[in-house]
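First up is the structure itself, then whatever we jot down about it.
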């Protein structure tokens, strides 16, 4: 998984994942009852708290 900040637009973060990682993320989102976007936001918020 690779994170990339778009310097031109500070509010955008690009996340590159493999197909296998994409499917894993989808399954995790479904299991939690949230969207993939919300799951990623939760993970980033948890990461920033550390």
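Residue numbers (our numbering): 3 to 52.
All residues carry an ideal CB built from backbone N, CA and C; glycine is no exception.
All values derive from a computational prediction rather than experimental measurement.
Query	Result
Proximity to residue 27 [Cα-Cα], best of 4, 14, 42 and 16	42
Residue(s) in a DSSP beta bridge with residue 18	4
Contact check, residue 37 vs residue 31, beta carbons under 8 Å	yes
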